[in-house]
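Colleague: Residue numbering for the sequence shown follows full-length UniProt numbering, starting at 1 and increasing by one per position.
Where a beta carbon is used, it is the ideal one built from N, C-alpha and C, also for glycine.
Here it is, the structure, as structure tokens.
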Amino acid sequence: MDIETIPGVGEKTAEALSALDDPERALSEGDVATLSRAPGISDGRAARIARAAIRQQHGDPGGFAATSRAQEIYRDALELVADHAVTRYAERRLETFYPSPSRSRVEEAREFAARAMEREPDDEIRGALAGVEPLESPPNVRVRDRCLATTDAETYARAQEVLPEVSVEIVDDARGLADLARGYATVIALDDAFTGVEVEGDVRVEPSALDDPATVVPERTLAFFAHNRNRLRAAVEVHRVADLDAPCDLDALETALGRIDTEGNVADDEELQRLQNAVDDLDAAVSTAESVANDRLREAIEERDVTIEGADLLSLVEQGAGVDSLLQRELADEYAEAVADARDHLIDALGLDDYADVARRAFPDQPTFPVQRDEEVVSRLREELTTARDRRATRLKREVASDLADAREDAERLAEAALELDVELAIARFAREYDCTMPEFGGRGVAIEGGRSPLLDVPFDAVDPVDYRVEGVALLTGVNSGGKTSVLDLVALTVTLAHMGLPVPAERARVEHVEELHYHAKTQGTLDAGAFESTLREFGSLVDEIRSGEGGRVLVLVDELESITEPGASAKIMAGILEAFDEREATAVFVTHLAREIQESARSDLAVDGIEAEGLVDGELKVDRSPVKDVLARSTPELIVEKLADERDGFYVELLEKFD
Numbered sequence: 001m002d003i004e005t006i007p008g009v010g011e012k013t014a015e016a017l018s019a020l021d022d023p024e025r026a027l028s029e030g031d032v033a034t035l036s037r038a039p040g041i042s043d044g045r046a047a048r049i050a051r052a053a054i055r056q057q058h059g060d061p062g063g064f065a066a067t068s069r070a071q072e073i074y075r076d077a078l079e080l081v082a083d084h085a086v087t088r089y090a091e092r093r094l095e096t097f098y099p100s101p102s103r104s105r106v107e108e109a110r111e112f113a114a115r116a117m118e119r120e121p122d123d124e125i126r127g128a129l130a131g132v133e134p135l136e137s138p139p140n141v142r143v144r145d146r147c148l149a150t151t152d153a154e155t156y157a158r159a160q161e162v163l164p165e166v167s168v169e170i171v172d173d174a175r176g177l178a179d180l181a182r183g184y185a186t187v188i189a190l191d192d193a194f195t196g197v198e199v200e201g202d203v204r205v206e207p208s209a210l211d212d213p214a215t216v217v218p219e220r221t222l223a224f225f226a227h228n229r230n231r232l233r234a235a236v237e238v239h240r241v242a243d244l245d246a247p248c249d250l251d252a253l254e255t256a257l258g259r260i261d262t263e264g265n266v267a268d269d270e271e272l273q274r275l276q277n278a279v280d281d282l283d284a285a286v287s288t289a290e291s292v293a294n295d296r297l298r299e300a301i302e303e304r305d306v307t308i309e310g311a312d313l314l315s316l317v318e319q320g321a322g323v324d325s326l327l328q329r330e331l332a333d334e335y336a337e338a339v340a341d342a343r344d345h346l347i348d349a350l351g352l353d354d355y356a357d358v359a360r361r362a363f364p365d366q367p368t369f370p371v372q373r374d375e376e377v378v379s380r381l382r383e384e385l386t387t388a389r390d391r392r393a394t395r396l397k398r399e400v401a402s403d404l405a406d407a408r409e410d411a412e413r414l415a416e417a418a419l420e421l422d423v424e425l426a427i428a429r430f431a432r433e434y435d436c437t438m439p440e441f442g443g444r445g446v447a448i449e450g451g452r453s454p455l456l457d458v459p460f461d462a463v464d465p466v467d468y469r470v471e472g473v474a475l476l477t478g479v480n481s482g483g484k485t486s487v488l489d490l491v492a493l494t495v496t497l498a499h500m501g502l503p504v505p506a507e508r509a510r511v512e513h514v515e516e517l518h519y520h521a522k523t524q525g526t527l528d529a530g531a532f533e534s535t536l537r538e539f540g541s542l543v544d545e546i547r548s549g550e551g552g553r554v555l556v557l558v559d560e561l562e563s564i565t566e567p568g569a570s571a572k573i574m575a576g577i578l579e580a581f582d583e584r585e586a587t588a589v590f591v592t593h594l595a596r597e598i599q600e601s602a603r604s605d606l607a608v609d610g611i612e613a614e615g616l617v618d619g620e621l622k623v624d625r626s627p628v629k630d631v632l633a634r635s636t637p638e639l640i641v642e643k644l645a646d647e648r649d650g651f652y653v654e655l656l657e658k659f660d
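So, in structure tokens, the structure goes:
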């Protein structure tokens, strides 16, 4: 598939889609989740691109919904189904279902819908789906605790391209490596020449590192899984609850996800946590240890009477001695005990048994008051703890990344399967809520049994079922508010859903495969001359297409076209239009109150179907909503006159005779 030939896909969009692993598959399958992972492609745009690609694949010229009212019916149909989706992805994915004139596309969609209707919607699955979203690429990772080193300019350039997450440095010799090792927790030398070189610090010689980026920057792998951790956990739960075949070991994936936090750090290692806590708490622990020593020493001083002979005092003064000398002479033991307490507190507070030697040197043996830390030692301790933490973190990240390195593709399939399940379940819920069935294709016209329109502004359970069959052209008559427009909407909705490949709200339905649906809604008020001419031109073009045979099969639904102009002229115009449709064996239903006048103006016999009102009951119409074939239904005024004629003789009986 040539991506740039897809309608609406320009050079930049094609370039973005080409960055995907298999854009052709995603386009042909309407895989909105994958398409939306392309740089700069939103899920809404992905749905439009997928729809355009499907049309191209099936040679679909579009234009099925040929009028604004037909387009409204399509949007309503799509919304009815999408309302049953849980995820935003499913809503977008359902947009790839559209009424198509292409038989191959309709059949493809029907196969999907038929599988979907076999699904059993379940509240537990619905709850699990709430947390599923398409997987995303994480923000760019930057790693500052390690670097790459090389003596070669070409290797340097390649390393920057392959591993942009870490710094790359050019060095001349082992001394350069040593300098880097003092600034980074880990240095990875890319040259064989450094093999066997002894350098203090964590320096590794890995000439093949650029061929296996995950070992150098495990954060790249972990960032993806950390960023999508909750989404993947939800997808795992969906697979378990729905008993789906998983592309990977769910327990193993869940265990690996449990080892990392939302930042991509390893979260289940006690030693790493101990080192992290030690680094975080070092300053506070040292300050507390100082307080412990000073409190102990202060108490000792307050409780001790110190006597100094005058000659001794004079000697100390002459020597320039101060409190430190006095402490060393008179309170050496107490100072040693106070410092020992401080050292023990620091070691215990930070859990630094393996760093005890360095930690003890944080408080010097030389007496001072107040007791003060050795900042140089504390800095060295912080550096050693930080290095140990970073090295352990990197090693653990490598372990977890190794477990997940080959799991990304499976993880993506896992999430996509859960999202596709939501699409299927949305169709299944729609079918169950509106008692839908898969329609048959074939024959001429439309035949509906037990159809109920979910577009009516009443609860669906309160909608009366309708049977209606039309082959060729027909005038649909009936009382005001008897349901004529609702029948047109039901026919339009049934035909639209059928050509979307979806189930329809009826007990049974048969639909002719048509290439265009022309639905003209009732015009509010008489049109002015310009609008009237425009409407005639529109019908004239359609009639010309039908007469010439240039267009394919069409279905035309028109609601009270007589409202566009004077009744007498309207009857003649509609008679001419219907004659043209009848000549080409097109299917058309015109709702009208001018059935007699149209029949009188037409050269051919036009079928008339009627929605019969049984009469008025307490001022309300009692109506059989299913049109009756070959019946010119009585109008509301006729029913009222008939009611009055039954109640009294005379004028009303004579008036009723005018309707015969």
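#1: Does the structure place the stretch 61-77 close enough to the stretch 109-117 that three or more beta carbon pairs sit under 8 Å?
#2: T87 and D422 - do their beta-carbons sit closer together than 9 Å?
#3: Which residue comes first and which comes last in the alpha helix (DSSP H) that contains V238?
#4: Assign I73 to one of three DSSP states: helix, strand, or coil.
#5: Measure from the alpha carbon of M438 to the alpha carbon of each residue in E515, E545, T496, D344, then state which is nearest.
#6: Please look up how many angstroms separate the CB atoms of residue 668 and V241, rounded, as I've assumed it's under 8 Å.
#7: Which whole-angstrom value is the C-beta distance of A418 and V238, which I expect to be below 8 Å?
#8: Three Cβ pairs or more, each shorter than 8 Å: is that satisfied between the stretch 353-372 and the stretch 392-405?
#9: So, helix, strand or coil for E4, using DSSP?
#10: Please identify the residue among I347, T186, A349 whose C-alpha is closest to the C-alpha of V199.
#11: Taking the DSSP output, what are the residues bridged to E449?
#12: Under 8 Å, with one C-beta from each stretch per pair, do the stretch 39-52 and the stretch 16-30 reach the 3-pair mark?
#13: Tell me the residue span of the alpha helix (DSSP H) that contains E516.
#14: With a threshold of 6 Å on Cβ separation, who are the neighbours of E416 within its own chain once the five nearest residues in sequence on each side are excluded?
#15: Measure from the C-beta of R231 to each C-beta in chain D and report whether the shortest distance is under 9 Å.
#16: For the beta strand (DSSP E) containing L590, list its first residue and its last residue.
#17: Which runs of the alpha helix (DSSP H) at least 4 residues long sit entirely within the stretch 115-186? Give them in chain order.
#18: With distances taken from CA atoms, which of D353, A356, S291 is nearest A338?
#19: Rounded to the nearest angstrom, what separates K629 and E11 at their Cα positions?
#20: Exposed or buried, I73, counting other C-beta atoms within 10 Å across all chains shown (16 or more means buried)?
#21: Contact between the stretch 457-469 and the stretch 513-524 is defined here as three or more beta-carbon pairs at a separation below 8 Å; is this criterion met?
#22: Please state whether DSSP places F441 in a helix, a strand or coil.
#23: Measure the alpha-carbon distance for S481 versus V236 and round it to whole angstroms.
#24: The beta strand (DSSP E) spanning A559 covers which residue range?
#25: Helix, strand or coil: which one does DSSP assign to A19?
#26: Spatial neighbours of A382 within its chain, please: C-beta separation below 6 Å, excluding the five flanking residues on both sides.
#27: Less than 9 Å between the C-beta atoms of A52 and P7, yes or no?
#28: Within 10 angstroms of the Cβ of V317, are there 16 or more other Cβ atoms? Answer buried if so, exposed if not.
#29: On the DSSP bridge list, what partners appear for A50?
#30: What residue range does the alpha helix (DSSP H) around V32 cover?
#31: Between which two residues does the alpha helix (DSSP H) carrying D202 extend?
#32: Hey, could you find the ends of the alpha helix (DSSP H) A474 is sitting in?
#33: Could I get the ranges of all uninterrupted alpha helix (DSSP H) runs contained in the stretch 362-420, with 4 residues as the minimum, in chain order?
#34: Between which residues of its own chain and R93 is the CB-CB distance below 6 Å, once the five residues before and five after are set aside?
#35: Should D191 be listed as close to the ligand MN, given that the test is whether its C-beta is under 8 Å from any heavy atom?
#36: Check for me: the alpha helix (DSSP H) holding R92 runs from which residue to which?
Modeller: On the basis of the supplied data:
#1: Counting Cβ pairs under 8 Å, fewer than three are found: no touch.
#2: Sequence index remark: in the sequence shown, residue 422 carries index 422 (1-based). Sequence index remark: in the sequence shown, residue 87 carries index 87 (1-based). Against a cut-off of 9 Å, the Cβ pair of T87 and D422 comes out as a contact.
#3: Start at 1 with the first residue of the sequence shown, and residue 238 comes out as number 238. First-last of the alpha helix (DSSP H) with V238: 229-242.
#4: Sequence index remark: in the sequence shown, residue 73 carries index 73 (1-based). Helix.
#5: The count along the sequence shown starts at 1 and reaches residue 438 at position 438. Ranking E515, E545, T496, D344 by Cα distance to M438 puts T496 first.
#6: Since the first and last residues shown for the chain are 1 and 660, residue 668 lies out of range.
#7: On the sequence shown, position 418 is the one that residue 418 refers to. On the sequence shown, position 238 is the one that residue 238 refers to. Contact holds; Cβ gap of about 4 Å.
#8: no
#9: As a working note, residue 4 is residue 4 in the sequence shown. Note: E4 maps to helix in three-state DSSP.
#10: In the sequence shown, the residue the question calls residue 199 occupies position 199. Checked all of I347, T186, A349; the closest Cα to V199 is T186.
#11: Locating residue 449 in the sequence shown gives position 449, where the first residue counts as 1. Paired residue(s): R508.
#12: yes
#13: Numbered from 1 along the sequence shown, position 516 holds the residue referred to as residue 516. Here E516 belongs to no alpha helix (DSSP H); instead the beta strand (DSSP E) covers 516-520.
#14: For the purposes of this step, residue 416 is taken as the residue at position 416 of the sequence shown. Only A33 meet the Cβ criterion.
#15: Checking the listed chains, one finds no chain D in this structure; it contains a single protein chain.
#16: In the sequence shown, residue 590 corresponds to position 590, counting from 1. First, the residue type needs correcting, since residue 590 is Phe and not Leu in the sequence shown. F590: member of the beta strand (DSSP E) spanning 587-591, first to last residue.
#17: 123-129, 153-162, 174-183
#18: Here the question's residue 338 lines up with position 338 in the sequence shown. The candidate whose alpha carbon is nearest that of A338 is S291.
#19: Within the sequence shown, the letter at position 629 stands for residue 629. Within the sequence shown, the letter at position 11 stands for residue 11. The straight-line gap from Cα to Cα measures roughly 56 Å.
#20: Taking the first residue of the sequence shown as position 1, residue 73 is located at position 73. Result: buried.
#21: no
#22: Locating residue 441 in the sequence shown gives position 441, counting from the first residue. Correct three-state label for F441: strand.
#23: For the purposes of this step, residue 481 is taken as the residue at position 481 of the sequence shown. For the purposes of this step, residue 236 is taken as the residue at position 236 of the sequence shown. Those two C-alpha atoms are separated by around 52 Å.
#24: Stepping through the sequence shown from its first residue, residue 559 is reached at position 559. In the sequence under discussion, the amino acid at residue 559 is Asp, which differs from the Ala named in the question. In the DSSP assignment, D559 falls within the unbroken beta strand (DSSP E) covering 554-559.
#25: Against the sequence shown, residue 19 aligns to sequence position 19. Of the three classes helix, strand and coil, the one that applies to A19 here is coil, per DSSP.
#26: The residue labelled residue 382 in the question sits at position 382 within the sequence shown. For clarity, residue 382 is Arg in the given sequence; the question names Ala instead. Contacts found: L282.
#27: Reading the sequence shown from its first residue, position 52 is the one you call residue 52. Reading the sequence shown from its first residue, position 7 is the one you call residue 7. Yes.
#28: In the sequence shown, residue 317 corresponds to position 317, counting from 1. Reliability of the predicted coordinates at V317 is poor, the pLDDT of 45 falling under 50, and the value obtained from them is presented with this limitation in mind. Answer is exposed; the Cβ neighbour count stays below 16.
#29: Locating residue 50 in the sequence shown gives position 50, where the first residue counts as 1. DSSP, once it has assigned bridges, lists no residue as partnering A50.
#30: Reading the sequence shown from its first residue, position 32 is the one you call residue 32. Where V32 is concerned, the enclosing alpha helix (DSSP H) stretches over 32-35.
#31: Position 202 of the sequence shown, counting from 1, holds the residue named residue 202. Under the DSSP assignment, D202 falls outside any alpha helix (DSSP H), being part of the beta strand (DSSP E) whose first and last residues are 202-205.
#32: Taking the sequence shown and counting its residues from 1, one reaches residue 474 at position 474. No alpha helix (DSSP H) contains A474, which is instead part of the beta strand (DSSP E) from 473-478.
#33: 375-404
#34: Walking along the sequence shown from the start, residue 93 turns up at place 93. Cβ neighbours of R93 beyond the five flanking positions: V32, V423.
#35: Among the ligands in the structure shown, none appear at all, so the ligand MN cannot be discussed.
#36: Stepping through the sequence shown from its first residue, residue 92 is reached at position 92. 88-94 is the extent of the alpha helix (DSSP H) around R92.
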